[in-house]
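What the sequence shown shows, in mature numbering (1 follows the signal peptide of the UniProt record, and there is no 0), is residues -21 to -1, 1 to 506, in sequence order.
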Amino acid sequence: MACLNWWCLFWLAAYVPVAQFGPIVNVPVTKKCDGAKTMTLSFDSSWTVYIKKFKVGVVKVTNKLPGIIFRQQHHVATLKVPLSSSYGYVSVQGARYVARIAFGFPTNLKTFTCPKPGPRSITDERCTVADHEKLPCGGSSSITPADCEASNCCYDSSSSTSPCYYANDVTVQCTLDGQFVVVVSENVTLPPLDLGSIQLVDSSSPSCSPVTSLSSFVMYQFPVSACGSTVQLLAGGNVTYQNTMSAAITVSSGPEGSITRDSVYKLFFQCTYSGSQDVQVEAEVYTVAPPLPVVEQGPFDLELVIATDVSYGSYYVDADYPVTKTLRDPVAVEVHIVNRTDPNLVLTLGECWVTPGPSASSQPQWSLLVNGCPYTGDNYLTSLVTVDGTSGVAYPSHYRRFVFEMFAFVDPVAQQALAEKIFIYCVAAACYPSATDPCTQTCPSKRSGRASGKLAQIAPSRKNVLLHSGPVIMEADQGQTSRLDQDASLPTGYLVLGAAAAMLMVVLILAVLAVRRLNWQKVNLKF
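This is the structure in C-alpha cells:
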C-alpha cells in the first residue's frame, strides 16, 4: 500500500509539467490578409485559442477583447485580428505584421505574418492622371507627401507640373477661410460623366460657376454660405454648411417609354466649422524705414555766452556782467543751440562783430568773423575753436566757438579811447543738411575786407538770428594812460591814419631843411 501511494505521487509529479505546457499540436489554419487592416484566421472550432498581447502577455481569445472579432459556425472558427498597433496584438518587423497565436494551450504559440503595404503607388488608377490634366492641390510646391495625402490628393515628386495634384476621383475640401473646394473627375462614373452638365443647388451667381475646367476635370470654389447652401446649427455651437451637386441627363422619349444613356450623378457634401475655436495666427512684422525729416519753421533758441577762459570749462552768468578784461586778454566766445536733441542739426555762424554800444548798429564797429571765417583785416586774427566728441558736449554740431584778443576803440585823431565797454554780436542759424544746403562752411587761407549787410551772409534758406553778449569792460594796467601808445593793440585802420600823419610831418621837416640849405649855399656864393 505504501508502494502504491508512492507511485501515485510520482505519477502526479510527472504529469503536472506535461499538463502545464501541453503537447505540441499542428492545427490546420487558413490565413487571409486585408492590407493594413486585419489578419483573418480560419480553423477548427474545437480548439481553444490564445493570443499574445504585447506588454500584457498571453490572453484567451473572446469577443470581449478590444478589436477582436471571433465567430464559430459549422465547426469552423473565424478570428479577425486588427493590425493597428494601438490594440497591441501585432508588431511590425521590417515589412511584415507579426502576430503570436496559440491553439489548445497558451504555450503553443505560433507566428503568423501579413505583408505590410508600401506607400500608395502613383500608378494606381486613382492617381493615373496625364500631366496636362493635373490640377495642383495644396497651394504650394513645397507640400510634403503626408500633407498631400491628408488632403485626399496624389503625390508624385517626378511630376513636371505639381508634385501634389487632385486624384481621378471626387475631392471635397473645406478651407479655413470658409470656402468649399470641389474637384470632380469625369471618371467617377461609367460611362464618363458629362462635366458640362454639373450644377449646384443655385448656379445663378457667377461665383457658382467652375473656376477651372479641363477636358477631364472641373473645379468649383465658392463661399460655404453661397450657391444655395443650407446652414445647420449643431450642439456645442458648431455650424454645418451643406450643398448638393448634380448632373443633368439627356432623356430620349419614345412611343412606349423614355431612356437615358447618361450616368446619373448626385453628390451631397458638407463642411462643419467650430462656432468658437482658438486658432493660431502667424503674423509677420515688416519694419519700414523711418520717415524722412520734415523741415518747418518753428521756435528756436540760440545763445551767445563768454567762457571764463579758453578751456571752456565754465561761463560767465548774468550776474557776472560787465566782465572785465585787459588789452590782449583772450575772450572766449561760444554760440550754441538750446534744448535741442536732434543730432542732425548744425549751427552755422555768419557775421560776428563788436560795437562800443548796446546796439548792433552802433558805431564804430570791428569785425571778428565774416561769413563764419576770421576777419583778415585784423593783425590779431580771431581763432576758430574746433568742437568735437572730445569737447564734453552731447551734440558737437550744435556749438561754435572762437577766441579773439581784447581791444579798445580809439579816436583816430585824438588817439584817445572812445569807450571802455564793448558788446559782441553774431548772426547765427540752425541748419538741417540737405541736397541744396549741406550746412558746411569752408574758410579760405587768405581773406581781405569785410562784407556788408551782415544779416544776409548766411544761405537764404536758413533763418538768421542776431545774438549779443553782455558788456565787456577794458581795464587799463598801471602806468597806462588814456593816450595809447602806437604799438598798442589798435585796430589797423586807425594805425594807418596815424602812420600817414607821421609821414606828412617828416616830409614837411625835410622840405624846411632843404630850403634852409639852399639859402645857406646862396650866402656862401656872395662871399
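C-beta atoms are modelled at their ideal positions from N, C-alpha and C, and glycine is treated no differently.
Helix, strand or coil at residue i according to DSSP, with G and I counted as helix
i	result
HIS53	coil
CYS214	Note that residue 214 is Ala in the sequence shown, not Cys. Helix at ALA214.
GLU165	helix
ASP13	strand
GLY428	Here GLY428 scores only 45 on pLDDT, less than 50, and its place in the model is too uncertain to base an answer on.
LEU62	coil
GLU235	coil
ASP297	helix
ARG105	helix
LEU174	helix
GLU112	helix
PRO202	strand
CYS132	coil
SER138	coil
PRO94	strand
HIS182	According to the sequence displayed, residue 182 carries Ser and not His. Reduced to three states, the DSSP call for SER182 is coil.
GLY477	Low confidence applies here, because GLY477 scores a pLDDT of 49, under 50, leaving its location unreliable and the question unanswered by this model.
THR191	strand
CB contact flag (residue i, residue j, <8 angstroms)
i	j	result
LYS400	PRO301	yes
TYR252	VAL218	yes
PRO96	TYR66	no
CYS153	CYS133	no
SER341	TYR354	no
VAL37	LYS43	no
LEU174	GLU165	yes
PHE22	PHE82	yes
MET18	LEU88	no
ALA409	ILE285	no
PRO170	SER231	no
PHE383	THR361	yes
TYR144	PRO185	no
VAL314	LEU281	yes
SER255	GLY216	yes
LEU172	TYR76	no
SER120	SER136	no
Where the alpha helix (DSSP H) through residue i begins and ends
i	result
GLU128	124 to 129
For residue j and residue i, believed in contact at Cβ under 8 angstroms, the rounded distance
i	j	result
THR320	GLY351	Incorrect: roughly 24 angstroms between the Cβ atoms, too far for contact.
HIS447	TYR404	5 angstroms
PRO335	PRO343	7 angstroms
TYR411	LEU324	6 angstroms
residue 594	CYS250	Because the chain is modelled from -21 through 506, residue 594 falls outside the range shown and cannot be assessed.
LEU246	THR223	7 angstroms
VAL161	TYR220	About 12 angstroms separates the two Cβ atoms, so there is no contact after all.
VAL406	GLY356	Actually they are not in contact, since the Cβ atoms of VAL406 and GLY356 sit about 18 angstroms apart, beyond 8 angstroms.
VAL151	PHE248	5 angstroms
Interface flag, residue i vs chain B, CB-CB below 8 angstroms
i	result
THR303	Looking for chain B here will not work: only one protein chain is present.
Residue i: first and last residue of the uninterrupted beta strand (DSSP E) it sits in
i	result
GLN420	No beta strand (DSSP E) holds GLN420; DSSP gives it neither H nor E.
ALA81	75 to 82
GLY36	36 to 39
ASP280	280 to 286
GLY394	What sits at residue 394 in the sequence shown is Gln, not Gly. Careful: GLN394 lies outside any beta strand (DSSP E) and carries neither H nor E.
CYS410	400 to 410
LEU246	245 to 252
PHE33	Here PHE33 belongs to no beta strand (DSSP E), and DSSP marks it neither H nor E.
GLU384	378 to 384
residue 518	What is shown of the chain runs -21 to 506, which leaves residue 518 out entirely.
Inset, instruction - Write down every uninterrupted run of the alpha helix (DSSP H) in the region 299 to 361 whose length is 4 residues or greater and which is fully enclosed by it, in chain order. - result: none
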